[in-house]
Amino acid sequence: MSRIGTTPVVAPKDVTVTVSNGLVTVAGVKGQIIFGLPAGVTVEHEAEGVWNVKLKKGGDTALHGFIRAQFANAVTGVSKEWFRTLELAGVGYRAAMSGENLVLTVGFSHPVTVTPPQGITIAVSEGKIIVSGVDKQIVGQVAANIRAIKKPEPYKGKGIKYEGEYIRKKAGKAAKAVGAAVGGAK
């Protein structure tokens, strides 16, 4: 059984944490995240910058670990920001910014426009798309939505992939043997 929920969360000096009415507010230089606490889970201040996620007796231990991880990700996000990098692979595949919107030219008959949600920043540089923001879950979801527009295909490897993602290539259709009987004639 995982005990990730018992590990304390250490918040840097520039991050403020407020707990009230079942809501946790984490604020820092990069932004602010507010999330709710389910019944049976509390967040308590231990020492200067050290917070513990507590579980009531007989509570859900999986939920305990999840809330602790969500809290730690919020602390990291408001102090450093989360980012996810995508790469374009394919001849003629391009990404450009039009205001705050991402415009992709990835083999369709029309360009595809992606509008980022509030709190998410998208940047383009040299065939790479960088998605950044304070909420790890939203950053990952936006990156997954962009990747889903043109997933990498296994034959040529063309498409949008995560940085460092390995695309396992498949062999193409095998050619017919030379000199074989045509049409199954005997």
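So for the sequence shown, this note's numbering puts the first residue at 187; every next one is plus one. Virtual Cβ for every residue (Gly too), placed ideally from N, Cα, C. A quick note: this is a predicted structure, and the numbers were derived from the prediction, not measured.
Here the C-alpha atom of Val261 lies approximately 36 angstroms from the C-alpha atom of Val292. Annotated as distal: Glu267 and Lys314, with beta-carbon spacing of 9 angstroms or more.
Your pair Lys242 and Gly226 checks out as a contact, with CB atoms roughly 5 angstroms apart and the cut at 8 angstroms. Under the DSSP assignment, Lys355 falls outside any beta strand (DSSP E); it carries neither an H nor an E label.
In the three-state DSSP reduction, Lys199 falls in the coil class, being neither helix nor strand.
Counting of Cβ neighbours within 10 angstroms places Ala329 among the buried residues, the total reaching 16 or more.
Under DSSP, Glu273 forms a beta bridge with Lys314 and Lys347. Ala282 is bridged by DSSP to Val289. A Cβ-Cβ separation of about 12 angstroms leaves Thr228 out of contact with Gly191 under the 8 angstroms criterion.
Distance from the CA of Leu209 to the CA of Ala258, rounded to the nearest whole angstrom, comes to 15 angstroms. The C-beta distance from Val201 to Gly214 rounds to 4 angstroms, short enough to meet the 8 angstroms contact threshold.
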